[in-house]
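Reading through the structure tokens given below for one structure.
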Amino acid sequence: MNFDAIIIGGGAAGLFCAITAGRRGKRVLVIEHNAEVGRKILISGGGRCNFTNKSVSHENFLSQNPHFCKSALAGFSPQDFVELVRKHKIPYYEKTLGQLFCRESSRQIVDMLLTECRRSKVRIATRCRVESVRSPHVSEGSGERGDFVISTSNGDLSAPNLIIACGGLSFPKIGATGFGYDVARQFGHKIVETRPSLVAMVLEKRAYPKLAGISLEAVADTGRAEFREKLLFTHRGVSGPVVIQASNYWQRKYPMAFDLAPGVDVADALAANRHSTRKTANFLAEFLPDRFAAEFLETSLADKQLAQLSNADIDAIGQKINNWQARFSATEGYDRAEVTLGGVSTDKVSSQTMESKLHSGLYFIGEVLDVTGWLGGYNFQWAWASGHAAGNSL
Ligand SMILES: Cc1cc2nc3c(=O)[nH]c(=O)nc-3n(C[C@H](O)[C@H](O)[C@H](O)COP(=O)(O)OP(=O)(O)OC[C@H]3O[C@@H](n4cnc5c(N)ncnc54)[C@H](O)[C@@H]3O)c2cc1C
Numbered sequence: 004m005n006f007d008a009i010i011i012g013g014g015a016a017g018l019f020c021a022i023t024a025g026r027r028g029k030r031v032l033v034i035e036h037n038a039e040v041g042r043k044i045l046i047s048g049g050g051r052c053n054f055t056n057k058s059v060s061h062e063n064f065l066s067q068n069p070h071f072c073k074s075a076l077a078g079f080s081p082q083d084f085v086e087l088v089r090k091h092k093i094p095y096y097e098k099t100l101g102q103l104f105c106r107e108s109s110r111q112i113v114d115m116l117l118t119e120c121r122r123s124k125v126r127i128a129t130r131c132r133v134e135s136v137r138s139p140h141v142s143e144g145s146g147e148r149g150d151f152v153i154s155t156s157n158g159d160l161s162a163p164n165l166i167i168a169c170g171g172l173s174f175p176k177i178g179a180t181g182f183g184y185d186v187a188r189q190f191g192h193k194i195v196e197t198r199p200s201l202v203a204m205v206l207e208k209r210a211y212p213k214l215a216g217i218s219l220e221a222v223a224d225t226g227r228a229e230f231r232e233k234l235l236f237t238h239r240g241v242s243g244p245v246v247i248q249a250s251n252y253w254q255r256k257y258p259m260a261f262d263l264a265p266g267v268d269v270a271d272a273l274a275a276n277r278h279s280t281r282k283t284a285n286f287l288a289e290f291l292p293d294r295f296a297a298e299f300l301e302t303s304l305a306d307k308q309l310a311q312l313s314n315a316d317i318d319a320i321g322q323k324i325n326n327w328q329a330r331f332s333a334t335e336g337y338d339r340a341e342v343t344l345g346g347v348s349t350d351k352v353s354s355q356t357m358e359s360k361l362h363s364g365l366y367f368i369g370e371v372l373d374v375t376g377w378l379g380g381y382n383f384q385w386a387w388a389s390g391h392a393a394g395n396s397l
């Protein structure tokens with residue numbers, strides 16, 4: 004069969020690009036090496052897929068070029084995706100902070116995409132492994148461009164347009180590979196250094212294993228964005244939505260500041276109760292979880308009576324709780340990370356169409372690009388929007 008475009012990767016971006024191009028009459032083939040498409044969609048949002056966010060702007064994304072995502076996001080909004088979800092009668096709800104989830108199952112989003120693929124006559128080859136990609140032959144003199152040749156476990160395929168929608172490196176157990184980066188390098192694109200992100204963090208020196216399982220409301224001040232959500236202590240470090248959000252902004256050399264008692268000035272509260280013979284840890288348990296202060300503070304401070312605290316003690320406790328400088332040694336890695344930070348540099352990619360500026364007919368969409376969203380439906384919105392931009396320009 005002749006195809007106008009071959010898309011490598013049957014995830015959110017690849018499928019949405021295929022639907023958009025298929026609706027415009029383009030003959031599209033999606034190649035997926037898993038036995039089924041959309042496996043990441045299936046496990047997303049705890050099985051309920053946080054498919055978008057009511058309010059999305061470029062400020063919810065990280066990239067070396069923070070303006071790159073603007074055009075695609077403007078071309079396909081969260082409301083456009085919600086309209087499709089409604090058309091397919093998929094029940095959904097807003098969980099928190101504008102995050103829209105399926106009420107029943109992520110499977111409904113995959114089924115919706117597959118139905119739309121069928122309607123627009125998109126072909127899908129699953130269990131198909133791509134072995135290599137060859138650049139189009141340009142015939143001498145005429146300058147006419149031939150097709151990309153894609154060698155797969157099903158044989159050679161060719162098309163004038165090749166869309167790389169292979170995603171990032173997170174969750175290798177469900178099919179993530181670095182293939183998209185390899186193709187990008189092959190065609191002269193730079194890769195912005197990648198690392199696991201939207202992920203739990205490992206504390207550098209002292210972890211608090213006795214606090215594992217305890218959660219509290221916290222504010223993370225990353226220097227570039229502030230998040231207020233739950234923080235959860237783990238055996239090796241910290242997790243919970245506030246940490247996962249902040250992990251996007253982690254820089255190895257610097258600590259990250261957390262206020263573990265937002266709205267309470269701990270030093271002021273201690274100073275105001277200096278006459279008391281209560282143990283400091285017991286007093287702090289009034290606005291922090293039980294056992295927390297006893298484990299989190301030095302025993303010499305936690306066990307002191309309020310009346311015995313010096314000014315320096317009060318400052319130290321206030322700092323540790325309202326301005327905890329957490330130093331991390333690592334993330335919990337790609338096995339646990341929701342996304343990959345970094346990726347194909349947007350430098351030589353058109354922000355309007357996602358087409359390579361180095362090789363016409365070559366496109367990059369979705370997570371493989373150096374565009375990473377916050378937690379909360381932003382990464383899927385980027386997948387839909389970038390897929391839509393490319394699908395419309397094929
Ligand atoms: C556990 C988890 C939960 C998440 N929850 C959410 C959420 O609720 N909301 C949200 O916005 N984001 C969420 N994300 C992030 C979101 O899933 C991704 O950002 C999004 O799926 C990226 O879409 P994509 O199409 O670019 O890549 P992917 O969805 O990863 O799709 C890439 C596809 O390419 C295939 N592939 C890779 N290499 C090859 C190859 N060589 N040949 C053929 N096929 C290949 C893969 O198998 C995969 O199907 C979650 C991620 C994880 C891991």
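Its first residue numbered 4, the sequence shown is counted upward by one per residue in my numbering.
Built from N, CA and C at the ideal position, the CB exists for glycine as well.
Model, not experiment: these values are computed from the prediction.
Proximity test, residue i beta-carbon vs ligand 1 heavy atom, cut-off 7 angstroms
| i | result |
| --- | --- |
| PHE174 | yes |
| GLU35 | yes |
| ARG43 | Per the sequence presented here, residue 43 reads as Lys, with Arg not at that position. Correct: LYS43 has its Cβ closer than 7 angstroms to ligand 1. |
| GLY369 | yes |
| ARG106 | no |
| GLU119 | no |
| CYS398 | Nothing in the structure corresponds to residue 398, since the chain is present only between 4 and 397. |
| SER47 | yes |
| GLY336 | no |
| PHE182 | yes |
| GLU232 | no |
| ILE167 | no |
| ARG132 | yes |
| VAL136 | no |
| PHE383 | yes |
| ASN53 | yes |
| GLU97 | no |
| ALA8 | no |
| GLY394 | no |
| ILE11 | yes |
| VAL347 | no |
| GLY380 | yes |
| GLY243 | no |
| VAL342 | yes |
| ALA228 | no |
Identified DSSP bridge partners for residue i
| i | result |
| --- | --- |
| ALA223 | PHE230, PHE261 |
| LYS282 | GLN308 |
| ALA128 | ILE34 |
| GLN248 | Its beta-bridge partners do not exist; DSSP assigns none. |
| THR55 | LEU103 |
| TYR381 | The partner list for TYR381 (beta bridge, DSSP) is empty, contrary to what the question assumes. |
| ASP159 | SER154 |
| SER359 | VAL352 |
| PHE182 | In DSSP, PHE182 forms no bridge with anything. |
| SER200 | VAL342 |
Rounded straight-line distance, which links the Cα of residue j to that of residue i
| i | j | result |
| --- | --- | --- |
| VAL186 | THR180 | 12 angstroms |
| PRO81 | ARG130 | 31 angstroms |
| GLU134 | ILE112 | 29 angstroms |
| ALA215 | MET357 | 43 angstroms |
| GLN65 | SER363 | Here residue 65 turns out to be Leu, not Gln, going by the sequence shown. If I take the Cα positions, the gap works out to 26 angstroms. |
| LEU397 | ILE320 | 60 angstroms |
| LEU160 | GLY376 | 33 angstroms |
| LYS208 | VAL241 | 13 angstroms |
| ARG89 | PRO139 | 41 angstroms |
| VAL374 | GLN328 | 28 angstroms |
| GLY171 | VAL347 | 10 angstroms |
| GLY13 | GLN102 | 24 angstroms |
| ASP350 | GLY41 | 28 angstroms |
| PHE267 | GLN355 | The question names Phe, but residue 267 is Val in the sequence shown. Between VAL267 and GLN355, the C-alpha separation is close to 47 angstroms. |
| LEU344 | TRP253 | 11 angstroms |
| GLY149 | LEU372 | 25 angstroms |
| ARG239 | PRO212 | 7 angstroms |
Meets three-Cβ-pair contact criterion under 8 angstroms: the stretch 333 to 340 and the stretch 36 to 47: no
Can you confirm whether the stretch 194 to 209 touches the stretch 322 to 336 when touching is taken to mean that 3 or more C-beta pairs between the two stretches lie within less than 8 angstroms? yes
Across the stretch 240 to 249 and the stretch 221 to 231, are there enough close Cβ pairs to call them in contact, namely three or more that are closer than 8 angstroms? yes
Decide yes or no for the touch test of the stretch 361 to 374 against the stretch 162 to 177: beta carbon pairs closer than 8 angstroms, at least 3 of them. yes
Tell me, please, whether the stretch 92 to 99 touches the stretch 120 to 129 by the rule of three or more beta-carbon pairs shorter than 8 angstroms. no
Can at least three beta-carbon pairs, one atom from the stretch 383 to 397 and one from the stretch 15 to 24, be found at a separation below 8 angstroms? yes
Hey, is the stretch 33 to 40 in contact with the stretch 69 to 79, meaning 3+ C-beta pairs nearer than 8 angstroms? no
Cβ contact (3+ pairs, closer than 8 angstroms) linking the stretch 293 to 303 and the stretch 274 to 284: yes
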